[in-house]
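Let me begin by presenting the structure, written as structure tokens, before commenting on it.
Numbering (the working numbering), first residue to last: 20 to 107.
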């Protein structure tokens, strides 16, 4: 695979960066996430985590699914917060 292929679209992390993280000793989703920021974008890893798992497995690294990606927060306006406060 070409090192310049984007694996994490949200953070623009390439295949080469993932391979560098693996070479540096990152052998789990969480350590790769900390090393590269992959999975920290708006999709919270829903797109890139399965790809990274496949990359790890292709390098002979057994992967346990550590946690499920978080859903992005839904932004609300100040006006919406005022309504919530009034209802309480």
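Where is the CB? At the ideal position from N, CA and C, for every residue including glycine.
Check                                                                                                                                 : Outcome
By Cβ distance, which residues of its chain are closer than 8 Å to residue 52, with the 5 residues on each side in sequence left out? : 58, 59, 64
What's the gap between the Cα of residue 81 and the Cα of residue 94?                                                                 : 37 Å
Please classify residue 68 as buried or exposed, where buried requires at least 16 other C-beta atoms within 10 Å of its C-beta.      : buried
When burial is assigned at 16 or more other CB atoms within 10 Å of the CB, is residue 97 buried or exposed?                          : exposed
Can you give me the C-alpha to C-alpha distance between residue 36 and residue 101, rounded to a whole angstrom?                      : 44 Å
On the three-state DSSP scale, how would you describe residue 95?                                                                     : coil
DSSP puts residue 33 in a beta bridge; with which residues?                                                                           : 25
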